[in-house]
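Chemist:
There are 2 protein chains.
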Amino acid sequence: MNINLIEAAAGRLKRHARRTPLLSSPFLDEIAGRRVLVKTECLQQTGSFKFRGGYSAVSALDEATRKRGVIAYSSGNHAQGVALAAAMHGIPAVIVMPADAPAMKLDNTRRLGAEVVTYDRANFESREEIGAVLAGERGLTLIKPYDEPQVIAGQGTTGLEIAEQAARAGVETADVLIPCGGGGLTSGIALALEAHAPGLRPRPVEPQEFDDTARSLASGRIESNARASGSICDAIITPSPGEITFPIMARLCGPGMVVSEDDCLRAMAAAFARLKVVIEPGGAVALAAALYHPGTVAGDAVIAVASGGNVDAVMFAKALQKYRDGG
Amino acid sequence: MNINLIEAAAGRLKRHARRTPLLSSPFLDEIAGRRVLVKTECLQQTGSFKFRGGYSAVSALDEATRKRGVIAYSSGNHAQGVALAAAMHGIPAVIVMPADAPAMKLDNTRRLGAEVVTYDRANFESREEIGAVLAGERGLTLIKPYDEPQVIAGQGTTGLEIAEQAARAGVETADVLIPCGGGGLTSGIALALEAHAPGLRPRPVEPQEFDDTARSLASGRIESNARASGSICDAIITPSPGEITFPIMARLCGPGMVVSEDDCLRAMAAAFARLKVVIEPGGAVALAAALYHPGTVAGDAVIAVASGGNVDAVMFAKALQKYRDGG
Numbered sequence: 001m002n003i004n005l006i007e008a009a010a011g012r013l014k015r016h017a018r019r020t021p022l023l024s025s026p027f028l029d030e031i032a033g034r035r036v037l038v039k040t041e042c043l044q045q046t047g048s049f050k051f052r053g054g055y056s057a058v059s060a061l062d063e064a065t066r067k068r069g070v071i072a073y074s075s076g077n078h079a080q081g082v083a084l085a086a087a088m089h090g091i092p093a094v095i096v097m098p099a100d101a102p103a104m105k106l107d108n109t110r111r112l113g114a115e116v117v118t119y120d121r122a123n124f125e126s127r128e129e130i131g132a133v134l135a136g137e138r139g140l141t142l143i144k145p146y147d148e149p150q151v152i153a154g155q156g157t158t159g160l161e162i163a164e165q166a167a168r169a170g171v172e173t174a175d176v177l178i179p180c181g182g183g184g185l186t187s188g189i190a191l192a193l194e195a196h197a198p199g200l201r202p203r204p205v206e207p208q209e210f211d212d213t214a215r216s217l218a219s220g221r222i223e224s225n226a227r228a229s230g231s232i233c234d235a236i237i238t239p240s241p242g243e244i245t246f247p248i249m250a251r252l253c254g255p256g257m258v259v260s261e262d263d264c265l266r267a268m269a270a271a272f273a274r275l276k277v278v279i280e281p282g283g284a285v286a287l288a289a290a291l292y293h294p295g296t297v298a299g300d301a302v303i304a305v306a307s308g309g310n311v312d313a314v315m316f317a318k319a320l321q322k323y324r325d326g327g
Numbered sequence: 328m329n330i331n332l333i334e335a336a337a338g339r340l341k342r343h344a345r346r347t348p349l350l351s352s353p354f355l356d357e358i359a360g361r362r363v364l365v366k367t368e369c370l371q372q373t374g375s376f377k378f379r380g381g382y383s384a385v386s387a388l389d390e391a392t393r394k395r396g397v398i399a400y401s402s403g404n405h406a407q408g409v410a411l412a413a414a415m416h417g418i419p420a421v422i423v424m425p426a427d428a429p430a431m432k433l434d435n436t437r438r439l440g441a442e443v444v445t446y447d448r449a450n451f452e453s454r455e456e457i458g459a460v461l462a463g464e465r466g467l468t469l470i471k472p473y474d475e476p477q478v479i480a481g482q483g484t485t486g487l488e489i490a491e492q493a494a495r496a497g498v499e500t501a502d503v504l505i506p507c508g509g510g511g512l513t514s515g516i517a518l519a520l521e522a523h524a525p526g527l528r529p530r531p532v533e534p535q536e537f538d539d540t541a542r543s544l545a546s547g548r549i550e551s552n553a554r555a556s557g558s559i560c561d562a563i564i565t566p567s568p569g570e571i572t573f574p575i576m577a578r579l580c581g582p583g584m585v586v587s588e589d590d591c592l593r594a595m596a597a598a599f600a601r602l603k604v605v606i607e608p609g610g611a612v613a614l615a616a617a618l619y620h621p622g623t624v625a626g627d628a629v630i631a632v633a634s635g636g637n638v639d640a641v642m643f644a645k646a647l648q649k650y651r652d653g654g
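Protein chains in written order, with the numbering used here: chain F, 1 to 327; chain D, 328 to 654.
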């Protein structure tokens, strides 16, 4: 895994992925006590950075393999990213999702052109087994959500853009706060910044009780969460950092940060009021850390990645109701 | 008023105004039955296109005049645009606002560095008189909201960007739907498209009962609205099109379009779900026309300007609750 893979991915993604804006507001600067720059990946195709990794992985396959199609396990952003990437290549995509996933997510994935195969979580059906059978029968290639070099390379293109956009904004030294699940986005950005903006320090941010990466960075080995679900930040909940992503993060990242669910809702309300963008709870952890935990950040400026915006109307309205004054 | 003024304004706005993205979603294309491209001016500084006109006008003043400061009458987006433009030039700004304007708007304008002078609508105090006295005493220059060449020039820079971004997206022939109040944005974009993208046809969009521009275009002379307020689309309610803006619109625009308030709320929910951006009711009229009145639009693609995102949490939550399925 190295910077060349990321630069090659950027070439393949050109004109397909969006170059998302780096937004700011004097009101957010006031809250944080320093300049705050927000990389708005919620404005990416399919509403999250996951499209980058999906498109990178699909486009990296040799043509014969790609034509047979791809498969992914996901109930969320990775599913939509892979589905749209496959549709843009005109190839079949199978997404294995739990039967009890929100109807809207099942529907969205289908409408992006994917075949959705459901499994029954309650009856302990194994998505891996179902997927392996389908993949074998049809010759599909599995696109893993984070522990896969071409996926990390795609997510890393976010870091290439941050390096350029921060330089243009006059920011050369800053912490870059990144919502972290399995570490695909964090490790990809870390590699991009190492090569192109060494004064920018990547730091993973996680929700309380799901701080596997922060603890892994502290202990120096891969740690796990006690629970696998039960957070409003569902998009970034994974059991532990990946085997490829963790060593990269351990080498390049500053200490992890942890925020509460209320911090996330408040950051969502602030982004609504001050940036006019929609962020999902898991995508808001980094902005929450920048705004409400400024004492643990160094420097005159901070960059926060808003990694996704796929939040349902009820949850979003809850955030606005709780923090009417705009965070 | 001509294209040279707009191009000069673009030069002054460079690195100060944002080049806002032209976003799209396959889900919106499906609703409209054609490609839909959304120019997201809600992501502009201060949350609306008005910053462009404010900055253009302030930066066009000669230095001695500018140093004495500027004044504007507005309870909304123009106030914030002028306030930030003045702050960025390090000059004083006085904004005359009704005393009963929402506290958040008064507060936002002050926090952007402006001096807010309030007047009492109930006692028929005249904001013009108050403003004229202040302007005379302090040598302030009035920045009108739309019927002013340098303001139109600033708004017109939106059209320069649309011309470039549409060409890059492969769209050379399309209707460009524009939320229209006094016509500053519409006439500015119209002039820019005339010069740089003659296949793109500008069309003003207004809310029902406040369709002064549509009626004026139909009759060939300036018509007025029966009422001056009472719409959720308050940001784009004006008594009639301007004396400078109307002749430009009459020469260059296609027929006006009219949408209902419910169309606007629904378009806000669609933008939330599919683009992850926040649009205010008045800023949503053009997207509403593109999505829910496709029969009155011509061509394989349509461009809709989302002109602003300054909506309060209660109104936004109302839109999400009413159209939970995402418009």
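C-beta atoms are modelled at their ideal positions from N, C-alpha and C, and glycine is treated no differently.
None of these values were measured; they are calculated from a predicted model.
Compile a chain-ordered list of the residues in the region 270 to 286 of chain F whose CB is closer than 7 angstroms to at least one CB of chain D.
Modeler: Listed in sequence order: Phe272, Lys276, Val277 and Val278.
Chemist: Going by DSSP in three states, Gly526/D sits in which element: helix, strand or coil?
Modeler: If DSSP states are grouped into helix, strand and coil, Gly526/D belongs with coil.
Chemist: Counting Cβ pairs, one atom from each stretch, are 3 or more of them under 8 angstroms apart for the region 477 to 493 of chain D and the region 579 to 586 of chain D?
Modeler: The answer is no - the region 579 to 586 of chain D does not touch the region 477 to 493 of chain D, with fewer than three Cβ pairs under 8 angstroms.
Chemist: Would you verify that the beta carbon of Leu13/F is, or is not, closer than 8 angstroms to some beta carbon of chain D?
Modeler: With 8 angstroms as the cut-off, Leu13/F does not count as an interface residue toward chain D.
Chemist: May I ask you to list, following chain order, the residues of the region 622 to 637 of chain D that have a beta carbon less than 7 angstroms from some beta carbon of chain F?
Modeler: Cβ contacts with chain F: Gly636.
Chemist: What residues match up with Ser352/F in a beta bridge as DSSP calls it?
Modeler: Residue 352/F lies beyond the stretch modelled for chain F, which goes from 1 to 327, so this question has no answer here.
Chemist: Counting only C-beta atoms, is Pro574/D closer than 8 angstroms to chain F at any point?
Modeler: Not closer than 8 angstroms to any Cβ of chain F, the Cβ of Pro574/D fails to qualify, so no.
Chemist: When the Cα atoms are used, what is the spatial distance from Val314/F to Glu536/D?
Modeler: Whole-angstrom Cα-Cα distance: 32 angstroms.
Chemist: Which residue from Ala319/F, Gly113/F, Asn123/F and Lys144/F puts its Cα closest to that of Arg266/F?
Modeler: Cα-wise, what sits closest to Arg266/F is Ala319/F.
Chemist: Could you pull out every residue in the same chain whose Cβ sits closer than 6 angstroms to the Cβ of Cys560/D, ignoring the five residues on either side in sequence?
Modeler: Pro534, Pro608 and Gly609, listed in sequence order.
Chemist: Between Gly170/F, Ile303/F and Ala9/F, which lies nearest to Ala289/F when the distance is taken from Cα to Cα?
Modeler: Checked all of Gly170/F, Ile303/F and Ala9/F; the closest Cα to Ala289/F is Ile303/F.
Chemist: Am I right that Leu134/F and Ile91/F are in contact with their C-beta atoms under 8 angstroms? What's the rounded C-beta distance?
Modeler: Contact flag wrong, Cβ pair sits at about 15 angstroms.
Chemist: Are the Cβ atoms of Val385/D and Ala406/D separated by less than 8 angstroms?
Modeler: No, the pair does not count as a contact, with Cβ atoms beyond the cut-off.
Chemist: Specify whether the region 588 to 602 of chain D and the region 617 to 636 of chain D touch according to this definition: at least 3 beta carbon pairs, one from each stretch, less than 8 angstroms apart.
Modeler: A contact exists between the region 588 to 602 of chain D and the region 617 to 636 of chain D.
Chemist: Do Ser453/D and Met424/D have their C-beta atoms within less than 8 angstroms of each other?
Modeler: Not a contact, by the Cβ cut-off of 8 angstroms.
Chemist: When you compare only the Cα positions, how much space is there between Phe27/F and Arg274/F?
Modeler: For Phe27/F and Arg274/F, the distance between alpha carbons rounds to 7 angstroms.
Chemist: Helix, strand or coil for Thr382/D? Go by DSSP, reduced to three states.
Modeler: For clarity, residue 382/D is Tyr in the given sequence; the question names Thr instead. Tyr382/D falls in the helix class under three-state DSSP.
Chemist: Are the region 473 to 487 of chain D and the region 509 to 520 of chain D touching, with three or more C-beta to C-beta distances below 8 angstroms?
Modeler: Touching, yes.
Chemist: Under 9 angstroms between beta-carbons, which chain D residues line up against Cys233/F? List them in chain order, please.
Modeler: The premise fails here: Cys233/F is roughly 17 angstroms from chain D at the closest Cβ pair, so nothing lies under 9 angstroms.
Chemist: Can you check which of these residues, Gly381/D, Pro348/D and Glu390/D, is closest to Leu370/D by C-alpha distance?
Modeler: The option with the nearest alpha carbon to Leu370/D is Pro348/D.
Chemist: Could you name the residues that DSSP lists as bridge partners for Leu504/D?
Modeler: For Leu504/D, which the question treats as bridged, DSSP gives the partners Arg530/D and Ala631/D.
Chemist: Residues in the region 502 to 518 of chain D with C-beta within 8 angstroms of chain F's C-beta atoms, listed in sequence order?
Modeler: Residues passing the 8 angstroms Cβ filter: none.
Chemist: Report the rounded CA-to-CA distance for Lys67/F versus Gly53/F, giving the unit in angstroms.
Modeler: Taking the straight line from one Cα to the other gives about 18 angstroms.
Chemist: Among all the DSSP beta bridges, which residues are the ones paired with Tyr400/D?
Modeler: Val423/D.
Chemist: Name, please, each residue of chain D whose Cβ falls closer than 8 angstroms to the Cβ of Leu28/F.
Modeler: Going along chain D, no residue has its Cβ under 8 angstroms from Leu28/F, so there is no contact; the nearest lies around 12 angstroms.
Chemist: If the cut is a Cβ gap below 9 angstroms, which residues of chain C does Phe643/D touch?
Modeler: Among the protein chains in the structure shown, which are F and D, there is no chain C.
Chemist: Measuring CA to CA, which of Arg15/F, Ser24/F and Arg34/F is closest to Phe51/F?
Modeler: Considering only alpha carbons, the answer is Arg15/F.
Chemist: Could you give the DSSP three-state label for Ser141/F: helix, strand or coil?
Modeler: The displayed chain sequence assigns Thr, not Ser, to residue 141/F. It is a strand residue.
Chemist: Identify, in the order they occur along the chain, each residue of the same chain with its Cβ nearer than 7 angstroms to the Cβ of Glu41/F, setting aside the five sequence neighbours on each side.
Modeler: Once the five neighbours on either side are set aside, the close Cβ partners of Glu41/F are Thr20, Ser48, Phe49, Thr158, Val305, Ala306, Ser307 and Gly308.
Chemist: Of the residues Leu614/D, Ser546/D, Leu364/D and Ala553/D, which one's Cα is nearest the Cα of Cys507/D?
Modeler: Here the closest residue by C-alpha is Leu614/D.
Chemist: Within the 8 angstroms Cβ cut-off, does Pro145/F reach chain D?
Modeler: No, its Cβ sits nowhere closer than 8 angstroms to a Cβ of chain D.
Chemist: Give a yes or no on whether 8 angstroms exceeds the smallest Cβ distance from Gly417/D to chain F.
Modeler: It does not: the Cβ of Gly417/D has no partner Cβ on chain F nearer than 8 angstroms.
Chemist: Give the residues of chain F in contact with Gly381/D, contact being defined as C-beta atoms less than 9 angstroms apart.
Modeler: Going along chain F, no residue has its Cβ under 9 angstroms from Gly381/D, so there is no contact; the nearest lies around 15 angstroms.
Chemist: If we ignore side chains and look at the alpha-carbon of each, how far apart do Ala337/F and Met1/F end up?
Modeler: The requested residue 337/F does not occur in the structure, where chain F is confined to residues 1 to 327.
Chemist: For Arg35/F, report the span of its beta strand (DSSP E) as first-last.
Modeler: First-last of the beta strand (DSSP E) with Arg35/F: Arg35 to Thr40.
Chemist: Between Pro429/D and chain F, is the shortest Cβ-Cβ distance under 8 angstroms, so that the two count as touching?
Modeler: Cβ-Cβ to chain F under 8 angstroms: no for Pro429/D.
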